[in-house]
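Accompanying notes for the structure given below.
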Amino acid sequence: AANLNGSGAKELNDIRAVPVGIGVDTARSQLYWTNSRGRVQSADLDGGGIRNVVDGLGSPGDMVISNSLKAPKTSTAKTSTTGKSKYDVNGDGSVDSKDSDALIVAVAADVTDAKYDVNGDGKVDIKDIVDVRANYDKGAAGAPALIGNVKLSMVQVDRLQEQIDLLIATGDRSPAALKTLIYLQQLIAMARPEKTQLLANYPNPFNPETWIPYELATDTDVRITIYNTQGVVIRTLELGHQSAGYYTDRDRAAYWDGRNALGEQVASGIYFYQLETDAMSSLRKMVILK
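When we follow my numbering, the leftmost residue of the sequence shown carries the number 20, and every step to the right adds one.
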């Protein structure tokens, strides 16, 4: 508080959220303000009796009261030409989980489109996701649609983990930030198998090539060894150090062209393939049929 000439300034109270617009109701001796958490709050002129007047606003702006003092004009979440909220990433007219989900997909895919940079810092990252979550329309949060419905590659999982680390480093403990952390951790957990296992090769029987799928619960060195029925090593596939994840489709599964270590096609018959990691070993059978 202060006199109109700026003298006699003193602190009346301490508020946590950043005020956006401020107004004074001289008739009722009340101070009103909007804040960055989507609320309209009020207090007595001496700073006491702080209370919420309206909660859950998407993006409150200036506060205007008849015969009041008005805060300097600030930028709001609406564009001047269309009135569309900048947090409405998918353009459906509402700000909800569909918008934060769209941002998560964009961040995971390393998209740099400016429309996803809702906070205008020149980057598309987890801070934009938090800002969208903090500005959901009241009652429009929606269900977490990505849980169980999106398949992340290990590269995308690594990107999201980097974003989680970034958000933790900022020290942001707002409700929107904490919900974002929990949500992303759930997505990452679902992208990692519960246990390491060797799966059935496909096709089987095969001629001349096949794919050997497996799942890794942890980061590990991976080797696949192929034997004949006498236990003689036919081929060893050194796959190196791999991240936890699903190696099940043709782009990620181990590939065997049906040749031995000398490059010769092997004969029809039964063969065994063994997955070896830092912590386990598993053996399965396959058939070459020519």
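For each residue, glycine too, the CB sits at the ideal point set by N, CA and C.
So residue i and residue j are supposed to be a Cβ contact under 8 Å. How far apart are they, rounded?
| i | j | result |
| --- | --- | --- |
| Ser-193 | Asp-156 | Contact flag wrong, Cβ pair sits at about 18 Å. |
| Ala-208 | Leu-171 | Actually they are not in contact, since the Cβ atoms of Ala-208 and Leu-171 sit about 11 Å apart, beyond 8 Å. |
| Asp-129 | Asp-118 | Not quite, the Cβ-Cβ distance comes to about 19 Å (not below 8 Å), so this is no contact. |
| Arg-303 | Tyr-292 | 6 Å |
| Leu-256 | Arg-242 | 7 Å |
| Asp-297 | Asp-240 | 6 Å |
| Val-149 | Ala-195 | 5 Å |
By DSSP, does residue i sit in helix, in strand, or in coil?
| i | result |
| --- | --- |
| Gln-180 | helix |
| Ile-145 | helix |
| Tyr-155 | coil |
| Met-299 | coil |
| Leu-197 | helix |
| Lys-170 | coil |
| Lys-304 | strand |
| Val-130 | coil |
| Leu-281 | coil |
| Val-114 | coil |
| Val-124 | helix |
| Ser-85 | Below a pLDDT of 50, predicted positions are generally treated as unreliable, and Ser-85, at 43, falls in that range; the measurement from the model is reported next regardless. Coil at Ser-85, not helix or strand. |
Who are residue i's beta bridge partners in DSSP?
| i | result |
| --- | --- |
| Glu-257 | Arg-242 |
| Glu-234 | Gln-216 and Tyr-265 |
| Gln-60 | Trp-52 and Asn-71 |
| Gln-204 | Paired residue(s): none; Gln-204 is not in a bridge. |
| Thr-229 | Trp-275 |
| Val-43 | Leu-50 |
| Leu-294 | Ile-243 and Ser-301 |
| Val-252 | Tyr-246 |
Can you tell which of the options has its C-alpha closest to the C-alpha of residue i?
| i | options | result |
| --- | --- | --- |
| Pro-311 | Gln-60, Glu-234 and Gly-288 | What the structure shows of the chain is the stretch from 20 to 309, and residue 311 is not part of that stretch, so it cannot be assessed. |
| Lys-1 | Thr-199, Tyr-233 and Ala-196 | Nothing about residue 1 can be read from this structure; the chain reaches only from 20 to 309. |
| Leu-281 | Arg-254, Leu-200 and Ile-187 | Arg-254 |
| Gln-284 | Gly-190, Asp-268, Tyr-266 and Ile-307 | Ile-307 |
| Arg-211 | Pro-224, Gln-180 and Asn-109 | Gln-180 |
| Ala-236 | Gly-110, Gln-216, Pro-224 and Leu-258 | Gln-216 |
| Asp-276 | Pro-222, Glu-295, Tyr-266 and Asn-71 | Pro-222 |
| Phe-225 | Met-173, Tyr-274 and Ile-145 | Tyr-274 |
| Lys-134 | Asn-154, Asn-109 and Arg-152 | Asn-109 |
| Leu-185 | Ser-300, Asp-63 and Lys-142 | Lys-142 |
| Asp-115 | Met-305, Val-137, Ser-301 and Ala-153 | Ala-153 |
Exposed or buried, residue i, counting other C-beta atoms within 10 Å across all chains shown (16 or more means buried)?
| i | result |
| --- | --- |
| Thr-248 | exposed |
| Asp-268 | exposed |
| Lys-309 | exposed |
| Val-251 | exposed |
| Ser-104 | buried |
| Gly-190 | exposed |
| Pro-91 | Here the model assigns Pro-91 a pLDDT of 35, short of 50, so the residue's position is not dependable, and the following value carries that caveat. So Pro-91 counts as exposed. |
| Gly-42 | buried |
| Asp-144 | buried |
| Asn-54 | buried |
| Asp-120 | buried |
When the cut-off is 8 Å and only beta carbons count, does residue i lie next to chain C?
| i | result |
| --- | --- |
| Ala-133 | Looking for chain C here will not work: only one protein chain is present. |
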